[in-house]
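J.: Per the numbering used here, the sequence shown starts with residue 420, numbered consecutively. Please read through the structure below; I'll follow up with questions.
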Amino acid sequence: MLFNSFHYLIFFTVIGCVYFVLPHKYRWFLLLAGSCYFYMVFVPIYICILGFTIIVDYFAGILIEQSTGKKRKAFLIASLCANIGVLAIFKYYNFFNDNVTVFLQDFGLQNRLPYLSILLPIGLSFHTFQAMSYTIEVYRGNYKAERHFGIYSLYVMFFPQLVAGPIERPGNLLPQFRIEHEFDYNRVKSGLILIAWGIFKKVVIADRLAIAVDSVYSNPHTYSGFSLIIATLLFTFQVYCDFSGYADVAIGSARVLGFKLMKNFNFPFVSKSFMEFWQRWHISLSTWFKDYLYIPLGGNRVSAGKWYRNIMIVFLISGLWHGASWNYIVFGALQGFYIILGKATAPQRKKLLNKLHLGSNEGLSIITTFLLLAFSLIFFRSANIERAFYIISKIFTEIPFFFTELLRGRVIIQNFGLNTFELILSFLLIILMETIQYWHRKKDLTLVLRESPVYVRWPVYYAGLAMILFFGVFENRLYIYFQF
420 MLFNSFHYLI
430 FFTVIGCVYF
440 VLPHKYRWFL
450 LLAGSCYFYM
460 VFVPIYICIL
470 GFTIIVDYFA
480 GILIEQSTGK
490 KRKAFLIASL
500 CANIGVLAIF
510 KYYNFFNDNV
520 TVFLQDFGLQ
530 NRLPYLSILL
540 PIGLSFHTFQ
550 AMSYTIEVYR
560 GNYKAERHFG
570 IYSLYVMFFP
580 QLVAGPIERP
590 GNLLPQFRIE
600 HEFDYNRVKS
610 GLILIAWGIF
620 KKVVIADRLA
630 IAVDSVYSNP
640 HTYSGFSLII
650 ATLLFTFQVY
660 CDFSGYADVA
670 IGSARVLGFK
680 LMKNFNFPFV
690 SKSFMEFWQR
700 WHISLSTWFK
710 DYLYIPLGGN
720 RVSAGKWYRN
730 IMIVFLISGL
740 WHGASWNYIV
750 FGALQGFYII
760 LGKATAPQRK
770 KLLNKLHLGS
780 NEGLSIITTF
790 LLLAFSLIFF
800 RSANIERAFY
810 IISKIFTEIP
820 FFFTELLRGR
830 VIIQNFGLNT
840 FELILSFLLI
850 ILMETIQYWH
860 RKKDLTLVLR
870 ESPVYVRWPV
880 YYAGLAMILF
890 FGVFENRLYI
900 YFQF
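In structure tokens:
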């Protein structure tokens, strides 16, 4: 079920109303049943995959807690293998098979492994990682094994963040299912405002930008290098509005019901480095890798060479987490490279800025980080790695031609799939969003609205809803991160 659909509006309204009417002891069942329905709207049979991992991890958690010595580790490994095995079969098997085929062909051999004609379950990587965090935390002794099978199932399947995060930890989410959440007007209103903001980012900005980006990236051979640059910059905002919009609706939906999910985005486009960027972007994933992979590898408490190795391992796996394709692996490798390069060249860059009397120049750092991010997203957005390299080569080979034509006043804006008004509107909406977020960084606008008089609040609410209705692109487009 898509958040940006009328279906979800009806579903959430019904769930919300029934939730606050029901006695607390039955609410977990309502949320679990609703979550099952929410997930089965996509492909019903895939609920069986979730059921399998839930059963394995539920009993694994109990057995880990009850065992000592090597048995504890064996049960943890069994749980991790079951989860990673599901990922390997549904997400990575055909990628591995394709690469084996290419490798064997170089030696004149034939690959006899069968190709699996299966669809990737929606949000598989998200709920798999959430399930793994549970057994790891039980193994580490940070959390007691959950004995209530229904509550544990709800931890994995809680519908607001089931298919695209935030990737929660048991210590935060599981105890909340036992708390009786009363109806609180201010909390519900705050959640609904966040939902509306998320929908605005998704249907008004992201889905409008998607039309232009899809038009260019689906057929890059017919577009100039300048058009490819514009489409790439637009995609940077598209993927942010799409994914952060989902997170806002997820967190807002949970907040209405009384649950607090972790923050997944913290104004990432003000980052002055890629180390900072990954502390602000998809926070639940970056902290997951930090806690369960980066720190166990040694983190930064090792030599410089090993630290570089740890960074690259984390980001290569992160790239592969995003998708079973070489372009995602390159995307991850670039993130790791950016961080290593930034750390290694920090003293030299500081000296250069001082010589140029630019000081720290935070604005330059923010712009550089944003442009390098946009460049890496070429690999993220392209259909395959060959197309990504084609787009990059075309951009750089045509840059001199673009400046020559610019000086002659002959730059031609190609058709992006949007008419001139819609294209200009897209840029204005981006500016509006960034302006709102700038003020929100200064002071929580939700609190500002709450403290404002009625004649200020309600016109703002109506204006926001009007913009969604009049400028929204209601094509029920999937969220980008659903494919992960």
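The beta-carbon is built from N, C-alpha and C at its ideal position, and this holds for glycine as well.
Could you check whether the Cβ of Leu441 sits closer than 7 angstroms to any heavy atom belonging to the ligand FMN?
T.: Among the ligands in the structure shown, none appear at all, so the ligand FMN cannot be discussed.
J.: Can you list, in chain order, the stretches of the alpha helix (DSSP H) that have 4 or more residues and sit fully within the segment 469-530?
T.: 489-506 and 512-524
J.: With H, G and I counted as helix, E and B as strand and the rest as coil, what does DSSP make of Tyr898?
T.: Along the sequence shown, read from residue 1 onward, the residue named residue 898 stands at position 479. Reduced to three states, the DSSP call for Tyr898 is coil.
J.: So what's Lys682 in DSSP terms, helix, strand or just coil?
T.: Here residue 682 is taken as the residue at index 263 of the sequence shown, counted from 1. Three-state DSSP puts Lys682 in coil, outside helix and strand.
J.: Where Gly677 and Leu593 are concerned, what is the direct C-alpha to C-alpha distance, given to the nearest angstrom?
T.: Position 258 of the sequence shown, counting from 1, holds the residue named residue 677. Position 174 of the sequence shown, counting from 1, holds the residue named residue 593. Approximately 13 angstroms, taken between the alpha carbons.
J.: On a CA-only basis, which of Glu599, Ile429 and Gln549 is nearest Gly590? Give me that one, please.
T.: Residue numbering aside, residue 590 sits at position 171 when the sequence shown is read from its first letter. Its Cα nearest to that of Gly590, the residue Gln549 stands out among Glu599, Ile429 and Gln549.
J.: Which residues mark the beginning and the end of the alpha helix (DSSP H) in which Glu841 is found?
T.: Looking up residue 841 in the sequence shown gives position 422. Its alpha helix (DSSP H) spans residues Thr839 to Lys861.
J.: Alpha carbon to alpha carbon, how far is Tyr574 from Phe889? Give it in angstroms, no decimals.
T.: Position 470 of the sequence shown, counted from the first residue, corresponds to residue 889. Position 155 of the sequence shown, counted from the first residue, corresponds to residue 574. Cα to Cα, Phe889 sits roughly 37 angstroms from Tyr574.
J.: Can you say whether His443 is buried or exposed, counting buried as having 16 or more other CB atoms within 10 angstroms of its CB?
T.: Along the sequence shown, one-based indexing puts residue 443 at 24. Its Cβ having fewer than 16 others within 10 Å, His443 is exposed.
J.: Do three or more CB pairs link the segment 665-685 to the segment 576-587 at distances below 8 angstroms?
T.: yes
J.: What number of angstroms, rounded off, separates the C-alpha of Ile630 from the C-alpha of Arg566?
T.: Stepping through the sequence shown from its first residue, residue 630 is reached at position 211. Stepping through the sequence shown from its first residue, residue 566 is reached at position 147. Roughly 48 angstroms between the two C-alpha positions.
J.: Are the segment 843-853 and the segment 634-650 touching, with three or more C-beta to C-beta distances below 8 angstroms?
T.: With the rule of 3 Cβ pairs closer than 8 angstroms, the segment 843-853 does not count as touching the segment 634-650.
J.: Taking Phe457 as the reference, give the member of Tyr511, Ser690, Tyr604 and Met420 with the closest Cα.
T.: The residue labelled residue 457 in the question sits at position 38 within the sequence shown. Of the listed residues, the one whose Cα sits closest to Phe457 is Met420.
J.: Does the pairing of the segment 537-548 with the segment 499-507 give three or more beta-carbon distances under 8 angstroms?
T.: yes
J.: Throw me the rounded Cβ distance for the Ser784 and Lys691 pair, which I believe falls under 8 angstroms.
T.: Within the sequence shown, numbered from 1, the residue matching residue 784 stands at position 365. Within the sequence shown, numbered from 1, the residue matching residue 691 stands at position 272. Between Lys691 and Ser784 the Cβ distance is about 4 angstroms, and since that is below 8 angstroms, they are a contact.
J.: Between the beta-carbon of Leu371 and the beta-carbon of Val519, is there less than 8 angstroms?
T.: The question about residue 371 has no answer here: the residues shown for the chain are numbered 420 through 903.
J.: Under 8 angstroms by Cβ, that's how I've got Leu613 and Ile670 pegged, so tell me the actual separation to the nearest angstrom.
T.: The count along the sequence shown starts at 1 and reaches residue 613 at position 194. The count along the sequence shown starts at 1 and reaches residue 670 at position 251. With a Cβ gap of about 6 angstroms, Leu613 and Ile670 count as contacting.
J.: Leu451 and Ser572 look like a contact to me (Cβ under 8 angstroms); what is the Cβ gap, rounded to whole Å?
T.: Counting from one through the sequence shown, the residue named residue 451 turns up at place 32. Counting from one through the sequence shown, the residue named residue 572 turns up at place 153. Contact between Leu451 and Ser572 holds, with the beta-carbon distance rounding to 6 angstroms and staying under 8 angstroms.
J.: Quick one: give me the first and last residue of the alpha helix (DSSP H) that Gly617 is part of.
T.: Within the sequence shown, residue 617 is the residue found at index 198, counting from 1. In the DSSP assignment, Gly617 falls within the alpha helix (DSSP H) that extends over Tyr604 to Ile618.
J.: Starting from Ser703, follow the alpha helix (DSSP H) in both directions and report where the run begins and ends.
T.: For this step, residue 703 is matched to residue 284 along the sequence shown. That run of the alpha helix (DSSP H) goes Ile702 to Phe708.
J.: Should Gly617 and Tyr665 be called a contact, given that it needs their Cβ atoms to be closer than 8 angstroms?
T.: If you number the sequence shown from 1, residue 617 lands on position 198. If you number the sequence shown from 1, residue 665 lands on position 246. In this structure, Tyr665 lies closer than 8 angstroms to Gly617 by Cβ.
J.: Alpha helix (DSSP H) containing Phe430: first to last residue?
T.: Indexing the sequence shown from 1 puts residue 430 at position 11. Run containing Phe430: Phe425 to Val440, per the alpha helix (DSSP H) assignment.
J.: Could you pull the start and end residues of the alpha helix (DSSP H) that Val675 belongs to?
T.: The count along the sequence shown starts at 1 and reaches residue 675 at position 256. Residues Gly644 to Leu676.
J.: Grab me the residues of Phe578's own chain with a C-beta within less than 7 angstroms of its C-beta, minus the 5 sequence neighbours each way, in chain order.
T.: In the sequence shown, the residue the question calls residue 578 occupies position 159. Excluding sequence neighbours, Phe578 sits near Gly453, Ser454 and Phe457.
J.: Between which two residues does the alpha helix (DSSP H) carrying Ser552 extend?
T.: Along the sequence shown, read from residue 1 onward, the residue named residue 552 stands at position 133. First-last of the alpha helix (DSSP H) with Ser552: Leu543 to Arg559.
J.: Below 8 angstroms CB to CB, which residues in the same chain sit around Phe688 once its five sequence neighbours on both sides are set aside?
T.: Here residue 688 is taken as the residue at index 269 of the sequence shown, counted from 1. Only Tyr659, Ile785, Phe789 and Glu853 meet the Cβ criterion.
J.: Express the C-alpha separation of Arg446 and Phe693 in angstroms, rounding to a whole number.
T.: The residue labelled residue 693 in the question sits at position 274 within the sequence shown. The residue labelled residue 446 in the question sits at position 27 within the sequence shown. One Cα belongs to Phe693, the other to Arg446, and the distance between them is close to 42 angstroms.
J.: Report all residues from its chain with a CB closer than 7 angstroms to the CB of Ile537; omit the five preceding and five following residues, and keep chain order.
T.: Here residue 537 refers to the residue found at position 118 of the sequence shown. Taken in chain order, the residues that qualify are Phe509.
J.: From Glu817 to Thr554, what distance separates their C-alpha atoms?
T.: As a working mapping, residue 817 is identified with position 398 in the sequence shown. As a working mapping, residue 554 is identified with position 135 in the sequence shown. Spanning the two alpha carbons is a distance of roughly 52 angstroms.
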